[in-house]
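Worksheet: one structure, shown below.
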Amino acid sequence: MSRIRLSGCILAAIVSICIFSAVYVRRSCLELLDILARVQVHTEQADYAAAAQAAVELNQAWSHAMPRLNMLVSSDKLTQIGGALSRLIPLIDTENDELGAEIATNRTLLEQLYYGEIPVLNRLF
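Residue numbers (this note's numbering): 330 to 454.
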């Protein structure tokens with residue numbers, strides 16, 4: 330009987346950790362997507378100083394979330410997102426034409442990370 334209880338506790342701990350990690354990844358992605366949306370709004374209004382400030386805030390939020398995300402998500406996804414986010418500030422400073430495409434790329438990568446961590450039963454089988 331004690332083995333069954335111990336197995337149940339271990340199973341409950343594993344499920345809890347999985348749920349917590351999915352919630353944390355989704356919350357972090359939503360925060361980053363919100364800041365990225367502010368960067369896009371400022372660039373569409375041609376307010377590049379505010380866009381640069383929001384991009385710095387985006388990089389700080391990424392630096393804060395990255396160590397925890399690194400334990401929960403494969404590092405190649407995070408490296409790709411980190412590289413894409415780091416290109417925003419130089420593009421904003423030079424008011425480059427490719428800024429809109431880079432923002433769209435960042436949004437796509439963050440959304441892929443967000444939706445990729447939703448637990449779905451068909452991924453188990």
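Backbone N, C-alpha and C fix where the C-beta goes; we use that ideal spot for every residue, glycine too.
Own chain partners of residue i with C-beta closer than 6 Å, once the 5 adjacent residues on each side are dropped
i, result
"R367", "A383"
"I432", "Q369"
Residue closest to residue i, alpha-carbon to alpha-carbon, out of the options
i, options, result
"P396", "I333, Y353, E424, G337", "Y353"
"V402", "L340, L359, Y443", "Y443"
"K406", "Q441, D426, G337, C347", "Q441"
"L359", "L387, R332, D376, T372", "L387"
"T423", "R436, A378, L398, S357", "A378"
"Q389", "Q409, I418, Q374", "I418"
"Q374", "I421, G445, G337, E431", "I421"
"G445", "I339, I346, R355", "R355"
"C347", "T437, A430, G429, L398", "L398"
Residue interval of the alpha helix (DSSP H) (run including residue i)
i, result
"Q369", "331-373"
Own chain residues within Cβ distance below 8 Å of residue i, not counting five before or after
i, result
"L439", "C358, L361, L362, L365, I410"
"N435", "L365, I410, A413, L414, L417"
Whole alpha helix (DSSP H) elements within the segment 376-447, 4-residue minimum:
377-401, 404-415, 417-422, 428-445
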